[in-house]
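Trainee:
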Amino acid sequence: MPDAVESALQRGLNALGLSPDLKDPLLAYQALLLRWNRAYNLTSIRDPKQSVTRHLLDSLAVAPHVRGPRILDVGTGPGLPGIPLALVYPQWEFVLLDSNNKKIRFLRQVVLELGLVNVTPIQERIESCPLSPPFATVISRAFAATADFVQMAGHCCALDGRMLAMKGREADNDPEGLPAGWGIEQTLDIEVPGLAAARRLVCLKRIS
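Under the working numbering, the first residue of the sequence shown carries the number -10, and numbering increases by one thereafter.
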């Protein structure tokens, strides 16, 4: 299984045009996640090969659409997509936000063991977390409704920044439900290597 996992990750990195040097730190992160998951139930995905596709490659597939130098991952859970993206962009600052104590404790261990000086995990709810200066990218895979994501986290986004909502096939791209002053810039079909299920990325920006 370890060889199959490494091969799947390497193929995915190649397909996404990402550096093969990412393989080892990504596998180190995955190993920590799977180990902690046995005790703390951080994610429902326990199979290493599925974790490569549904955790690592799913996160990495949106890398071309992320802008720096400051990125906020809202409802990061066990660090997705924040940790994989922080490995791709070590020159940018990533703030990983979640209200769950055990997930933030896990992320602090990841930061320590992987030496991620560009990652700051914060235990807080987005509604009550004053984060400044504002972020160039605010991203999340945690919200069912895009409008809720913008309503709750839009205040953290820079005036010229963008919000990225990672979705499945059911991406809601109706601008009518968005808070005033926000619009959908584009909705992109995202191909995740090894994943048959559809993925979409809803990109949002301020319109006034």
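Think of the CB as a built atom: it goes at the ideal place given N, C-alpha and C, for glycine as much as any other residue.
The structure displayed is predicted, hence computed values, not measured ones.
For the candidate residues Lys92, Pro123, Ala134 and Gln80, whose alpha-carbon lies nearest to that of Ile111?
Mentor: Lys92
Trainee: Leaving out five residues before and five after Leu21 in sequence, what residues of the same chain have Cβ atoms less than 6 Å from its Cβ?
Mentor: Taken in chain order, the residues that qualify are Val99.
Trainee: What did DSSP end up calling Leu167 once you bin it into helix, strand or coil?
Mentor: coil
Trainee: For Ala169, does the count of other Cβ atoms within 10 angstroms reach 16, so buried, or fall short, so exposed?
Mentor: Note on Ala169: under 16 other CB atoms within 10 angstroms of its CB, so exposed under the neighbour-count rule.
Trainee: Ile196 to Ala28, Cα distance in whole Å?
Mentor: 45 Å
Trainee: In terms of residues, what are the limits of the alpha helix (DSSP H) holding Asp149?
Mentor: Per DSSP, Asp149 belongs to no alpha helix (DSSP H); it is in the beta strand (DSSP E), Cys146 to Lys156.
Trainee: Return the Cβ separation of Ile115 and Met141 in integer angstroms, given the expectation that the two are a contact with Cβ distance under 8 Å.
Mentor: Confirmed, about 5 Å.
Trainee: Assign Pro110 to one of three DSSP states: helix, strand, or coil.
Mentor: strand
Trainee: What first and last residue would you give for the beta strand (DSSP E) that runs through Val127?
Mentor: From DSSP, the beta strand (DSSP E) with Val127 extends over Phe124 to Ser129.
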